[in-house]
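Down below is the structure, laid out as C-alpha cells.
2 protein chains.
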Amino acid sequence: MTTTDIVNRLRIWAADGSKAERRLAEIILSDIEYASRAPIADLALRAGVSEPTVTRFCRSLGCEGVREFKFKLAQVLAIGGLYLFPEPLVRDERDARVVDAVADGAAAAIQRARDTTDMSTVNAVAEMAVNAGQICVFGSGGVSSLGAVEMQNRLFRLGLSVVAHTDGQMQRMQSAVCDKKSLVFAISASGQATSIIESVRVARQYGARTVAITNPGSDLAKEAEVCLPFVIAPDTQLYKPTAGRYSLLFIIDLIAMTTAEMIGPSVLEGLRRIRISLSGLNMSDPGRPVGD
Amino acid sequence: MTTTDIVNRLRIWAADGSKAERRLAEIILSDIEYASRAPIADLALRAGVSEPTVTRFCRSLGCEGVREFKFKLAQVLAIGGLYLFPEPLVRDERDARVVDAVADGAAAAIQRARDTTDMSTVNAVAEMAVNAGQICVFGSGGVSSLGAVEMQNRLFRLGLSVVAHTDGQMQRMQSAVCDKKSLVFAISASGQATSIIESVRVARQYGARTVAITNPGSDLAKEAEVCLPFVIAPDTQLYKPTAGRYSLLFIIDLIAMTTAEMIGPSVLEGLRRIRISLSGLNMSDPGRPVGD
DNA sequence: AGGCAAAATGTAAAAAAGCAACATAAAATT
DNA sequence: AATTTTATGTTGCTTTTTTACATTTTGCCT
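Residue numbers (the working numbering), protein chains in the order written: chain C, 1364 to 1655; chain W, 1364 to 1655.
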C-alpha cells in the first residue's frame, strides 16, 4: 500500500504544488466541510482557478474524479470530526517550524505504519483475540508501556477479558499462569526487552498464543507466534518527540477496530447508534462543529 | 429534528414504506457502498422505480437532496463499520477500508490539532514548565489518563520534576500540597471530570499555575489559568478509532518539544544519562527492561 | 361495485454539475 | 531567444439531478 490519505496529500500539494494547486489545496484545507459539499464551480471561484483545474486537481490527488474526492472528504469529516477553521492561525517562522516538525513526523509515522502493516496478519490477530479466554498485554518502556495500556483500554471496551502489565515481574507472573486459552500481546519497540521475551517464551510453553508488536528482526519477533512490525526510526535529535508513538497507536487502532468488527454486528449495531447519535452526524445543522 | 441516523431511517422505510420506497430502501441497505456512489439512474433501475422517486425518497429521509443523502451514506460507511457491507464484498476491500478509515481519521485529527493549536499559548506553557519547581499532571478517562502518563513521560526526560495522577483521590491529595512553584496540567476530554476541576481549583488557591488541556467551553477550561483546546466527545470512542488520541498526543508533543528547546542543551545531558542507564539495564536486569 | 379524492409514481424536459478536447499561457530547457 | 514541456483556461458536450406536470394506484365513501 503506497497510498496516503487525502488530508496528507492535500497538505503536500498545499506546500509543493503549482500556483493553482496550492491555492486550491489551501481553500479546501481551510474548510473541508465546505469543500466536501460545494460544486466545483464554487470551489474554482473561491480559489480563483478554472473548473477543470479542480477536476484535474482531484485526479492528481489520486481520486477518480471530483465525486470520489468529495466522497473521501465526507469520510474524513465523519471520522475526524466536523471542523471549521474560521481564521487560520498565523505563526512566526520559529513556531511554524516546531509545529511542522511534529506534524510531519506524526504523519510520516502513520504513513509508515500504514504501509508496513499487513491486514491479513491483523485479521488473524483479531480472530485470536475474539477467541481468547484471557488476553494479556505486556509492554515496557515509554512508548510500549503506553501502547500496552492503550491496548487494554481498547479491548476492554469490547467486552474482552484483558489485562496489561508494564512491570517486568508482573509480566512473568502473569505469563506463568497462562494456558491454551490465553493470548499474549508483547509490545516492544526494540524487541530486546528481556522480561517480555521471557514472558512470551513461558506463556508459549503453557500453550498460549503469542503476538509480538515489535521490530521484525528482533529476538522478541522470533519468540512469538505472530509478529506485527513496529519499527521506530531513530531520531536525529534526542529530545525530539518519538513519532513512533503514532505508529503504535495506529497499529493498536487497527487491531481494536478489526476485533470489534469480528465480534459481531449485534454488539456493534448498538454501539454504532450511540456513536452516531452522539456525534451529531444526523443533525441538520452542518455549521456546528462536533468533536470526535 | 430527527433522532435516528440514516441507516435506521432506511430500515424503517424498508419495513413501513410504500412499495417503491421499500424496494429502494432494500436495494440501498443491501449495498450501501454502491448506493453511496452510484448515480440515481442506476439505483432507480435496480429498484425498478423511476429516478424522481429516488430523489423524493432521499427527501423524505430528511435529506436536502440526493447529494446530501450520498454524503451521509459516505459518512455512515466511514463511521459505521464494515458489517454494513454486503457479504460478497472481497476481503481486500474490507481491509483497505479499515486501514483507510483509521489512517484518514488520524491524519485529519493531527491536521486539525496542527491548525488550531496556538503556539504562543504553547510557548507560554513551556515557559511555565521550565520555571516550575514541581509539575503535576492530572487526567482521567481513557484518552486523558493516557495523555497524563505520556506527559509525565515526556517532561521527566527533560529533567523536570513531574508526577502524573490518574486517580481522583491522588489528584486531590497532590493538589493540596501544591504551592507557588507548582504547575498543574489538567487533561480532560470532556472538561467535566469533577476530581480534576476541583484539583485545579485547590491547586490554584495555593498559588499554583494551572494549564488545562480540554474543551475550551468547559468548566475545567474556566477554572484553569490557561487552556489549550482539545475537543473530543466523551463516549463516542466505544469501538472506533478515536482520532482524538492523536490530537492529544500531538499537543503533548508540542509542549514537550517546546519545553525542551527552551531548556536548551542541558536537556541533552539528562537524556544521555537516561539512555545510558537504560542500555545498562536492558540486558543485565530483566526486571527493569526498556522497550523504547 | 363504482366513483372520487388523495397519495404515489412515472414522464419528459430543464437545470446543474462534471468533464473532455482543444487553445493559450507560463515554465523549463536548450 | 527558440523550443519543448507543462500548467491553466475556454468552450461546448455528457452525465446527473431536479422540476413540473401527467398518470396511475390506493383508500374511502356511497
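Cβ coordinates follow ideal geometry from the N, Cα and C atoms, glycine included.
The structure presented is a predicted model; accordingly, all values stated were derived computationally and were not measured.
Taking the alpha carbon of residue i as the reference point, which residue from the options has its own alpha carbon closest?
i       : options                            : result
W/T1532 : W/Q1555, W/E1513, W/E1561, W/G1411 : A quick correction: the sequence has Gln, not Thr, at residue 1532 of chain W. Nearest of W/Q1555, W/E1513, W/E1561, W/G1411 to W/Q1532, Cα basis: W/E1561.
C/V1540 : C/C1499, C/L1591, C/D1616          : C/C1499
W/Q1568 : W/S1545, W/I1550, W/T1484, W/A1584 : W/S1545
W/A1388 : W/T1529, W/L1408, W/S1483, W/F1420 : W/F1420
W/Q1534 : W/L1521, W/S1503, W/A1606, W/D1582 : W/S1503
W/S1399 : W/L1617, W/V1526, W/A1437, W/Q1497 : W/A1437
W/G1522 : W/L1617, W/S1483, W/G1496          : W/G1496
C/M1491 : C/R1608, C/V1547, C/E1396, C/A1584 : C/V1547
C/I1661 : C/L1406, C/A1584, C/A1606, C/S1381 : No information on residue 1661 of chain C is available, as it lies outside the stretch 1364 to 1655 that chain C covers here.
C/A1606 : W/A1571, W/C1590, W/V1412, W/D1616 : W/D1616
C/F1519 : C/I1626, C/G1411, C/Y1397          : C/I1626
W/G1570 : W/S1538, W/L1583, W/K1433, W/K1585 : W/S1538
W/R1608 : W/D1394, W/S1507, W/R1422          : W/S1507
W/A1401 : W/S1524, W/L1424, W/K1585, W/F1432 : W/F1432
C/E1624 : C/R1422, C/V1488, C/V1412          : C/V1488
C/G1510 : C/E1588, C/A1619, C/S1524          : C/A1619
Around the C-beta of residue i, are 16 or more other C-beta atoms found within 10 angstroms, so that it is buried, or is it exposed?
i       : result
C/E1384 : buried
W/M1536 : exposed
C/P1494 : One detail in the question is off: residue 1494 of chain C reads as Asn in this sequence, not Pro. Counting Cβ neighbours within 10 Å, C/N1494 comes out exposed, since fewer than 16 surround it.
C/P1592 : buried
C/R1457 : exposed
W/K1543 : exposed
C/I1595 : buried
C/R1460 : exposed
W/A1404 : exposed
C/A1378 : exposed
W/I1375 : exposed
W/K1435 : buried
C/D1481 : exposed
W/D1582 : buried
C/D1368 : buried
C/G1411 : exposed
W/S1423 : exposed
W/S1558 : buried
Looking at the C-beta of residue i, does it have a partner C-beta in chain C at a distance below 9 Å?
i       : result
W/V1439 : yes
W/L1373 : no
W/Q1474 : yes
W/M1620 : yes
W/V1417 : no
W/A1464 : yes
W/G1531 : no
W/A1587 : no
W/E1482 : Residue identity check: residue 1482 of chain W is Met in the sequence provided, not Glu. Closer than 9 Å to some Cβ of chain C, the Cβ of W/M1482 qualifies, so yes.
W/D1394 : no
W/S1551 : no
W/G1502 : no
W/S1538 : no
W/S1581 : no
W/L1548 : The sequence given here has Phe at residue 1548 of chain W, not Leu. By this cut-off, W/F1548 is not an interface position.
Does any CB atom of chain W fall closer than 9 Å to the CB of residue i?
i       : result
C/A1404 : no
C/T1599 : For C/T1599, the predicted model reports a pLDDT of 43, less than 50, meaning its position is unreliable; a value from the coordinates is still stated below. Output row for C/T1599: interface = no.
C/L1591 : no
C/L1509 : yes
C/S1524 : no
C/R1386 : no
C/I1498 : no
C/W1376 : no
C/N1494 : no
C/R1422 : no
C/F1434 : yes
C/S1399 : yes
C/D1379 : no
C/V1370 : yes
C/E1414 : no
C/R1567 : no
Could you tell me if the beta carbon of residue i falls within a distance shorter than 8 Å of some heavy atom in the ligand SAH?
i       : result
C/V1506 : This structure lacks the ligand SAH; in fact it carries no ligand of any kind.
Taking contact to mean 3 or more Cβ pairs, one atom from each stretch, closer than 8 Å, check whether the stretch 1460 to 1479 of chain W and the stretch 1464 to 1472 of chain C are in contact. With contact defined as three or more Cβ pairs closer than 8 Å, the stretch 1460 to 1479 of chain W and the stretch 1464 to 1472 of chain C are in contact.
Within the stretch 1392 to 1447 of chain C, note down every full beta strand (DSSP E) run reaching 3 residues or more, in order along the chain. Under the rule that a run must span 3 or more residues, no beta strand (DSSP E) segment is found entirely inside the stretch 1392 to 1447 of chain C.
At which residue ranges does the stretch 1555 to 1631 of chain C contain complete alpha helix (DSSP H) runs of 4 or more residues, listed in the order of the chain? The stretch 1555 to 1631 of chain C contains these whole alpha helix (DSSP H) runs: 1557 to 1568, 1582 to 1586, 1607 to 1626.
Are the stretch 1550 to 1561 of chain W and the stretch 1569 to 1582 of chain W touching, with three or more C-beta to C-beta distances below 8 Å? With contact defined as three or more Cβ pairs closer than 8 Å, the stretch 1550 to 1561 of chain W and the stretch 1569 to 1582 of chain W are in contact.
Count the C-beta pairs between the stretch 1509 to 1529 of chain W and the stretch 1428 to 1436 of chain C that are closer than 8 Å, then say yes if the count reaches three, no if not. Judged by Cβ distances under 8 Å, the stretch 1509 to 1529 of chain W makes no contact with the stretch 1428 to 1436 of chain C, as fewer than three pairs qualify.
Runs of 3 residues minimum, wholly inside the stretch 1470 to 1537 of chain W: which ones carry the beta strand (DSSP E) assignment? You should have 1497 to 1502, 1525 to 1528.
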